[in-house]
Every structure is written in C-alpha cells, then in structure tokens.
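Chemist: Heads up: the sequence shown is residues -27 to -1, 1 to 161, going by mature numbering (1 follows the signal peptide of the UniProt record, and there is no 0).
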Amino acid sequence: MSTATSPHPRRPRASATLTASAAAVTAALMLSGACSSVGTPRAAPESPVNQSNSLSPTSPRESVMPEANSSTPIRIVIGETVVTGELWDNAPGRALLQRLPLTVTFSDLNSVEKTARLDPPLPMSGMPDGDDPQPRDIGWYAPTGDVVLYYGDVGYWPGIARIGRIGDDIDVIATHDDDFTATIQPAT
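1. Do Ile136 and Arg109 have their CB atoms nearer than 7 Å?
2. When DSSP labels each residue in this structure, what does Pro65 get in the three-state scheme?
3. Quick check for students: name the residue ranges of the beta strand (DSSP E) that lie wholly in the segment 61 to 146, counting only runs of 3 or more.
4. Going by beta carbon distance, what residues of the same chain come within less than 8 Å of Pro159, once the five residues before and after it are set aside?
5. Quick one: what's got a C-beta closer than 6 Å to Gly99's C-beta in the same chain, skipping five residues either side?
6. Residue range of the beta strand (DSSP E) that Ala160 falls in?
7. Just how far apart, CA to CA, sit Thr154 and Lys87?
8. Among Pro101, Ile146 and Gly103, which one has its Cα closest to the Cα of Tyr123?
9. Just to confirm my understanding: we take Val55, look at its own chain, exclude 5 residues before and 5 after, and list those with CB closer than 6 Å. What are they?
10. Gly58 by DSSP, collapsed to three states: which one?
11. Applying the 10 Å Cβ sphere with the 16-neighbour rule, what's the burial state of residue 171?
12. Drop a sphere of 10 angstroms on the beta-carbon of Asp119, count the other beta-carbons inside from all chains shown, and report buried for 16 or more, exposed for fewer.
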C-alpha cells in the first residue's frame, strides 16, 4: 500500500488560513474601535486619590463643625509668645482638654503643619473618616497619634479630625523652622 503525499497538505494550510483570517479580523476590529473613538475623550479610570475625594460620608464637605458656644478657649504658649485658640466639643477635642495643661514638642511636616505625638491616642468616636483642615485649624491625626497645628493647605486626608481653631496669627507657629516646645493650656 502506497501512500500518496500531497505537496500541499490540506489540514495545515486550512489551519494557517484560519489563523491568518482570525488575526486579520481581530486587527480590523481593534482598528475600527480605535478609529471610532478618535476625537471622543475617554474618562480616565479613577485613582485611589480621586476616589477619596469623591462625595461620600467621609467627604470634607461633611466635616464635623462646632455649634455656637460649643468650644473651650485655650492658649498655646511658645517661649514668651501666647497664641489663643479654642478646642471644639467633639470626642478628640474633649479628650485633649482633659489632659491640659500639656507640654509637647512640635516638628514641621511638609511645610504646612506642625505635629506633636500624644500617647495614649485620643478617641475618634463620632468623627468622620477624614477631613480637609484649613490653615489655623487644630487637628488630630489618628494614624500616627499626632496633635496638629495647620498653617498651610494639606487637603483631605483619611484619619484627620479637626478638633479646634487657632484664633491668632498663624505666622508665630509657621515661622519655627526647628522643633519647638509648646504648652497647651486652658485660657481660663
């Protein structure tokens, strides 16, 4: 029995033709999709940063603001200088008030805030997941356990709770390049 062999076997040629056809169709579909979107802007996928800035229960627009007469006057004494302020009636603000007078060492962070570590940490019950403090705000940054004096714009961050406000000019705090010791005490 002899077997005839064709110089052009059908099966491999059909497979090659189908593979080439499939590749051509795929390329054509990809090109037509790309061409149909020319001039049509696509929305960029949201990054985690964009997602945290979206309106949500933790949005900076829903910050816990004090009601009238719900604050306690304080003084921040830095050397010979006295800066006035207030602590608000919220969980971390009340807890800090109970520890006063308190002497801490502040360090600069990113040229927008002065931070001082507190131990044990202040409670965060009833506070939003984050906030967008403004210059002159007093804050509590729960992830690191720091009381914060803001003198620049830091934007929204998870873990920030605004707990008070500095009443005087913030330049006294902002101009300290090195670490400094301050005593936070009730104003009365």
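Just so you know, even glycine gets a beta-carbon here, dropped at the ideal spot from N, CA and C.
Modeler: This is what the structure gives:
1. no
2. helix
3. 75 to 82, 86 to 90, 110 to 114, 119 to 123 and 133 to 139
4. Thr45, Pro46, Ile47, Arg48, Leu70, Leu73 and Pro74
5. Ala64
6. Looking at the DSSP string, Ala160 is not in any beta strand (DSSP E), and its letter there is neither H nor E.
7. 11 Å
8. Ile146
9. Arg48
10. strand
11. Nothing in the structure corresponds to residue 171, since the chain is present only between -27 and 161.
12. buried
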